[in-house]
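In what follows, a single structure is set out as structure tokens and then discussed.
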Amino acid sequence: HTTAGLIAIIVSSIFLHEAITMSLFIGLLFIVVSICFVNIKPKTLAVRQQVEVK
């Protein structure tokens, strides 16, 4: 899920003393945003499917 990367970063920084760098944070942000884009259904497709179901 989208929170797995965030949890991994937090746990690694606490237990492994990893440094949270800006590039690591930006990379995590890109991953979360791209997962959200993949999971969002376009509005036109959702409307089209509702019309077909009726």
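In full-length UniProt numbering, the protein residues as written are 1 to 54. Where is the CB? At the ideal position from N, CA and C, for every residue including glycine.
Is the Cβ-Cβ distance between G5 and L28 less than 7 Å?
Yes; because the gap between Cβ atoms is below 7 Å, this pair is in contact.
For I20 versus S13, is the C-beta spacing smaller than 7 Å?
Yes, the Cβ-Cβ distance between I20 and S13 is below 7 Å.
Nearest-angstrom Cα distance between K41 and S34?
Each residue's alpha carbon lies about 13 Å from the other.
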